[in-house]
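Peer 1: Just dropping this structure here.
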Amino acid sequence: MDFIDRLQEVASKIDVPVIIQAIDQEESIRLAPLPGGRTVKSYMNGDKVKELPFEFRYKTQNFSGDRVIYQLSEILENVKPISSKNGTYQFMALTISNEPFLLGQDDKKFFYYRLVVQAKLYFKNKSQESED
Numbered sequence: 268m269d270f271i272d273r274l275q276e277v278a279s280k281i282d283v284p285v286i287i288q289a290i291d292q293e294e295s296i297r298l299a300p301l302p303g304g305r306t307v308k309s310y311m312n313g314d315k316v317k318e319l320p321f322e323f324r325y326k327t328q329n330f331s332g333d334r335v336i337y338q339l340s341e342i343l344e345n346v347k348p349i350s351s352k353n354g355t356y357q358f359m360a361l362t363i364s365n366e367p368f369l370l371g372q373d374d375k376k377f378f379y380y381r382l383v384v385q386a387k388l389y390f391k392n393k394s395q396e397s398e399d
């Protein structure tokens with residue numbers, strides 16, 4: 268989906284690698300869609316407004332990891348419209364649905380922080396576009 272790639276570009280303004288669907292580096296942030304997305308509104312022409320949740324999970328051995336995840340939260344909270352590169356959606360809003368927090372620490376001394384955002388996007392009916 269085009270939006271997750273655009274969201275990754277926005278999140279990459281911080282100095283930690285943001286990786287879609289993976290968290291395999293020493294220090295990285297995983298960006299992944301979460302279950303629970305929903306259609307908020309459907310139009311007669313087939314267009315839809317959807318709310319889609321995404322998770323940022325930060326893995327670090329740095330004790331000040333909370334600063335990085337809060338910095339990311341501020342970037343996302345103040346984001347300008349995130350435009351589609353291929354026209355698949357129109358950006359409506361991005362909200363922080365779960366403020367950043369510490370999930371815990373694993374046996375290798377990595378701390379994990381979590382931030383959840385919700386995107387509100389407008390999708391045009393694809394079959395309608397082909398008729399135009």
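Going by the working numbering, the letters in the sequence shown line up with residues 268 to 399, in that order. Every residue gets a Cβ at the ideal spot worked out from N, C-alpha and C, and that includes glycine. Computed from a prediction, not measured in an experiment: that's the story for all the values here.
(1) Looking only at its own chain, which residues have a Cβ that is under 8 angstroms from the Cβ of Ser340, when we skip the five neighbours before and after it?
(2) How would you write the range of the alpha helix (DSSP H) that Ser340 sits in, first residue to last?
(3) Classify Val277 as helix, strand or coil using the three-state DSSP reduction.
(4) Looking at Lys352 and Asp282, is the spacing between their C-beta atoms short of 7 angstroms?
(5) Which stretch, first to last residue, makes up the beta strand (DSSP E) that contains Pro300?
(6) Which residues does DSSP list as the beta-bridge partners of Ala386?
Peer 2: Answer, in terms of the structure:
(1) Position 73 of the sequence shown, counting from 1, holds the residue named residue 340. Only Ile363, Glu366, Pro367 and Leu382 meet the Cβ criterion.
(2) Residue 340 sits at position 73 when you count from the first residue of the sequence shown. Gly332 to Glu344 is the span of the alpha helix (DSSP H), which, as asked, contains Ser340.
(3) What you label residue 277 is simply residue 10 of the sequence shown in a count that begins at 1. It is helical.
(4) Taking the sequence shown and counting its residues from 1, the one referred to as residue 282 is at position 15. Taking the sequence shown and counting its residues from 1, the one referred to as residue 352 is at position 85. No. Outside cutoff.
(5) Residue 300 sits at position 33 when you count from the first residue of the sequence shown. Ser295 to Pro300 is the span of the beta strand (DSSP E), which, as asked, contains Pro300.
(6) The residue labelled residue 386 in the question sits at position 119 within the sequence shown. Answer is Leu319 and Leu361.
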